[in-house]
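Peer 1: Chains as they are written, first to last, in full-length UniProt numbering: chain A, 1 to 334; chain B, 1 to 334.
Protein chains: 2
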Amino acid sequence: MKTLSIKDIALKANVSITTVSFIINGKAKEKAISDAVIKKVQKIIKESGYKPNQLARSLRTGNSNIIGLIVEDISNSFFSSIARLIEDKAYKKGYKIIYSSTENKIEKTKELISLFKNRKVDAYIISPIKGIEEDIQDLLNDNKPVILFDRNLPNINTSYVGANHFSASYQAVESFIKDGKQNIALVTTDIDVQQIVERFEGYKKSIIDHGLPYQDGLVLNIPFSQEEATTIKQIKELLQNRTIDAVLFATNYLAISGLKALKELEKKINESFSVIGYDDHEAFELHSPSISTIQQPLEEIAEAIIQLILAQLAAKTKLPEQQVVIPAKLIIRN
Amino acid sequence: MKTLSIKDIALKANVSITTVSFIINGKAKEKAISDAVIKKVQKIIKESGYKPNQLARSLRTGNSNIIGLIVEDISNSFFSSIARLIEDKAYKKGYKIIYSSTENKIEKTKELISLFKNRKVDAYIISPIKGIEEDIQDLLNDNKPVILFDRNLPNINTSYVGANHFSASYQAVESFIKDGKQNIALVTTDIDVQQIVERFEGYKKSIIDHGLPYQDGLVLNIPFSQEEATTIKQIKELLQNRTIDAVLFATNYLAISGLKALKELEKKINESFSVIGYDDHEAFELHSPSISTIQQPLEEIAEAIIQLILAQLAAKTKLPEQQVVIPAKLIIRN
DNA sequence: CTCAGTTAATAAAACGTTTTAGTTAAACCT
DNA sequence: AGGTTTAACTAAAACGTTTTATTAACTGAG
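#1: Does B:V146 come out as helix, strand or coil in the three-state DSSP assignment?
#2: Rounded to whole angstroms, what is the Cα-Cα separation between A:Q226 and B:I208?
#3: Could you work out which residue in A:Y278, A:A28, A:E72, A:K89 is closest to A:N164 when comparing CA atoms only?
#4: List the whole-angstrom C-beta distance separating A:F53 from B:N76, where the pair is believed to meet the contact cut-off of C-beta under 8 Å.
#5: Measuring CB to CB, does B:I276 end up less than 8 Å from B:A185?
#6: Between A:E282 and chain B, is the shortest Cβ-Cβ distance under 8 Å, so that the two count as touching?
#7: Looking at the structure shown, is A:Y253 part of a helix, part of a strand, or coil, going by DSSP?
#8: According to the Cβ coordinates, are B:I65 and B:D122 closer than 8 Å?
#9: What is the C-beta distance between B:I244 and B:N183, in whole angstroms, given that I count them as a contact (C-beta under 8 Å)?
#10: So what's A:Y95 in DSSP terms, helix, strand or just coil?
#11: Can you pull the chain A residues whose beta carbon is under 8 Å from the beta carbon of B:R119, in chain order?
#12: At a Cβ threshold of 8 Å, is residue 420 of chain A touching chain B?
#13: By a C-beta neighbour count over all protein chains shown, 10 Å radius and 16 as the cutoff for buried, is B:K39 buried or exposed?
#14: Only counting runs of 4 or more residues, tell me where the alpha helix (DSSP H) segments fall wholly within the region 26-77 of chain B, in order along the chain.
#15: Between the region 305-313 of chain A and the region 281-294 of chain A, can you find at least three pairs of beta-carbon atoms closer than 8 Å?
#16: Flag this pair as touching only if the region 323-331 of chain A and the region 288-295 of chain A have three or more C-beta atom pairs under 8 Å; answer yes or no.
#17: Does the beta-carbon distance from A:L254 to A:Y203 come in below 8 Å?
#18: Work out the CA separation of A:V41 and A:E20 for me, nearest whole Å.
#19: Assuming B:S274 and B:D179 are in contact, meaning their beta carbons sit under 8 Å apart, how far apart are those beta carbons, in whole angstroms?
#20: Are the C-beta of B:H287 and some C-beta of chain A separated by less than 8 Å?
#21: Answer with yes or no whether the minimum CB distance from A:E47 to chain B is below 8 Å.
#22: Using 8 Å as the Cβ pair cut-off and three pairs as the minimum, do the region 85-94 of chain B and the region 136-147 of chain B touch?
#23: Do A:S114 and A:V71 have their beta-carbon atoms positioned less than 8 Å apart in this structure?
#24: Name the chain A residues whose beta carbon is nearer than 8 Å to that of B:D73?
#25: The region 243-268 of chain B: which residues have C-beta closer than 8 Å to a C-beta of chain A, in chain order?
#26: Let me confirm a value: A:T3 is counted as buried when at least 16 other C-beta atoms fall within 10 Å, else exposed. Which label applies?
#27: Using a Cβ-Cβ cut-off of 8 Å (strictly less than) and excluding sequence neighbours within five positions of A:Q234, which residues of its own chain qualify?
#28: Answer with yes or no whether the minimum CB distance from B:L4 to chain A is below 8 Å.
#29: Would a check of beta-carbon distances place A:L140 closer than 8 Å to chain B?
#30: Apart from the five residues on each side of it in sequence, which residues of its chain come closer than 6 Å, Cβ to Cβ, to A:G131?
#31: Taking the alpha carbon of A:G211 as the point to measure from, which residue in A:V187, A:T189, A:K181 has its own alpha carbon closest?
#32: Answer with yes or no whether the minimum CB distance from A:S21 to chain B is below 8 Å.
#33: At 7 Å on the CB atoms, spell out the chain B contacts of residue 348 of chain A, in chain order.
#34: Compare the C-beta of B:K31 against all C-beta atoms of chain A and say whether one is closer than 8 Å.
#35: Quick one: what's got a C-beta closer than 7 Å to B:V187's C-beta in the same chain, skipping five residues either side?
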């Protein structure tokens with residue numbers, strides 16, 4: 001069975017294609033189509049189950065009611081949770097989301113942007129990486145709404161939603177110090193994105209502000225695409241070779257690897273050795289003892305993103321860009 | 001800057017649109033375009049950065065190089081991991097994936113299928129739910145490849161990839177019994193999909209086969225969309241009101257809730273009380289003690305799915321459907 | 001020298017919409 | 001009665017491709 005087109009409907013209703021189009025798009029009133037015709041056409045549409053071809057529509061109008069979501073890795077629970085929340089909220093406003101993972105690769109990210117552009121995606125939500133500034137600027141020049149989240153790109157003038165990573169890791173370290181910890185390690189990753197840098201800066205500043213010496217050897221930089229086994233090995237080495245009484249992990253997957261390392265070392269978390277993770281994870285709460293963590297308010301972040309996007313989509317003119325910085329919460333668990 | 005069209009390229013190269021199109025689509029040789037013209041046009045395309053409009057292309061050809069992936073919930077690690085693997089493999093073959101979550105809702109699933117159909121998605125990978133048989137049959141009648149995974153729909157004749165849930169939960173219960181357990185509970189969910197039913201059947205058969213009495217009261221059915229707090233409460237009640245020395249959880253998120261319940265009850269997992277989860281989760285391995293689980297081989301499942309899809313996409317005729325059942329592995333951890 | 005075949009290219013239709021610019025007939029003035 | 005508005009509807013262009021059918025020029029065989 002061939003799929004129906006607007007032409008078939010027009011034929012059946014004995015009116016022109018134009019008329020049907022006006023009715024479909026709710027312009028019947030303004031275009032002075034009589035009620036009788038409206039009723040008739042709507043009835044035929046309903047009965048036949050006709051659905052306009054979105055491709056043709058997009059081709060003609062240049063927009064698609066689709067929002068593109070580009071994240072680092074959809075299998076990371078932070079991103080998949082955000083994706084799910086955004087999907088939900090967008091869906092209610094009639095927008096669909098399509099998403100894809102960049103794996104922090106510049107080339108793949110560029111291709112994705114190009115793919116989405118090609119598909120006439122209406123707006124972009126991007127967790128960016130350095131090196132795609134130009135591509136994003138192109139989108140903006142093209143008047144497409146772009147919201148950056150999780151990480152910001154300093155040279156791009158567009159709205160951003162993210163957590164206050166500096167202050168969050170500052171507080172985490174502060175809480176270690178208040179607990180009497182002296183040798184606080186940071187396990188972080190080497191990707192060059194603002195949010196990771198901030199986490200490091202917060203750590204460093206907090207240590208110095210509280211009169212402790214900053215020790216380079218207590219900061220472990222894990223390459224992003226490294227095998228987990230290697231990561232675990234490096235963390236074990238750090239813990240064995242250094243006097244350390246507290247560790248802050250800069251991402252949830254690093255914390256997971258860290259917990260595995262501790263397990264292999266049979267090193268217990270207790271009064272004399274503490275751990276704080278980042279981006280909550282089911283495993284943190286369940287762990288014995290429960291793992292304290294810096295929690296980003298996913299719901300709020302998703303909400304802020306979708307608000308900004310919808311506002312920009314609805315607006316005729318370019319809205320002023322906003323930097324929404326949401327405080328991350330330090331969750332102390334015992 | 002207006003985006004370029006094939007017309008602009010044709011103009012610049014001083015040839016017809018048709019010629020450019022042939023060259024773009026690699027039909028230059030067969031259409032006897034001279035090498036000189038091919039070179040010239042390709043140079044112009046490269047220099048100008050022209051990218052064909054995929055919408056127009058899809059509108060004309062009826063296909064899109066996009067595969068639609070429809071899952072229950074992208075924020076569940078089982079699905080997001082599979083999605084990520086499929087995305088990777090498809091990407092290498094020049095296909096893009098777009099995915100969306102159904103939340104096990106028939107209406108939303110139907111809408112998604114309709115959305116994808118509208119977008120001329122070339123093939124579908126669906127983790128289905130009862131009630132959408134007709135929509136899937138429509139796709140098949142339309143000659144679109146459809147692969148079901150995770151759950152099968154008995155009345156649909158199409159390929160399926162999934163794990164052997166019956167045998168997996170049979171073995172899990174068997175291992176409990178060999179350990180001397182007598183009162184084995186099952187915490188499962190009420191969604192009416194084959195894979196969940198199989199898990200229950202395997203549990204029941206194993207109990208009976210091994211000469212134990214099947215007790216209805218030891219099976220807890222959790223409504224799918226229920227708040228987690230309620231789920232935890234129900235699991236606590238089950239554990240408090242019954243003599244139970246082992247629990248099999250039918251999904252990973254139920255196991256997580258179960259572990260939380262145990263934590264609240266301060267009930268320890270040890271020789272006299274065992275637990276097995278389903279679909280691995282980071283938290284299982286990290287838990288103290290580590291949680292045994294039934295592990296679905298994600299990599300193999302993803303590989304099988306993508307193989308079937310690509311084979312069907314490449315084939316001119318309809319391939320015979322295949323039911324790929326991959327054994328799930330019982331991982332005993334201590 | 002002519003006809004058939006080949007080579008190199010193109011014009012135009014088609015995909016399914018939206019939207020601009022009309023057209024026609026009736027209703028409304030003065 | 002003649003002109004102007006308005007109501008109701010529509011023809012056709014446009015979006016950017018692919019593809020079918022066609023043309024025009026050349027080649028070589030008989």
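Using N, Cα and C, we set each Cβ at its ideal position, and we do this for glycine too.
Peer 2: The short version:
#1: strand
#2: 47 Å
#3: A:Y278
#4: This sequence places Asn at residue 53 of chain A; Phe is not what is there. 33 Å between Cβ atoms; not a contact.
#5: At least 8 Å separates the beta-carbon of B:I276 from that of B:A185.
#6: yes
#7: Judged by DSSP in its simplified three-state form, A:Y253 adopts helix.
#8: In the sequence under discussion, the amino acid at residue 65 of chain B is Asn, which differs from the Ile named in the question. Contact: yes.
#9: Contact between B:I244 and B:N183 holds: CB atoms are separated by about 5 Å, below the 8 Å threshold.
#10: coil
#11: Q54, L55
#12: Nothing can be reported for residue 420 of chain A, as the shown portion of chain A is limited to 1 through 334.
#13: exposed
#14: 35-48, 54-61
#15: no
#16: yes
#17: Contact: no.
#18: Note that residue 20 of chain A corresponds to Val in the displayed sequence, not to Glu. The straight-line gap from Cα to Cα measures roughly 7 Å.
#19: 6 Å
#20: yes
#21: Closer than 8 Å: no.
#22: no
#23: no
#24: R84
#25: Considering only beta carbons, the part of the region 243-268 of chain B lying closer than 8 Å to chain A consists of I256, L259, K260, K263, in chain order.
#26: Classification of A:T3: exposed, given that the 10 Å Cβ count is below 16.
#27: The beta carbon of A:Q234 sits closer than 8 Å to the beta carbons of L220, I222 from its chain, once the five residues preceding and following it are set aside; these are given in chain order.
#28: Cβ-Cβ to chain A under 8 Å: no for B:L4.
#29: no
#30: Result list for A:G131: I106, in chain order.
#31: Comparing alpha-carbon positions, the option among A:V187, A:T189, A:K181 lying closest to A:G211 turns out to be A:K181.
#32: Using a CB distance cut-off of 8 Å, A:S21 does not count as an interface residue toward chain B.
#33: For chain A, the structure presents residues 1 to 334; residue 348 of chain A sits outside this window and is missing.
#34: No, because no Cβ of chain A sits closer than 8 Å to the Cβ of B:K31.
#35: L220, I222, I235, V247, F249, A250, L254, G258
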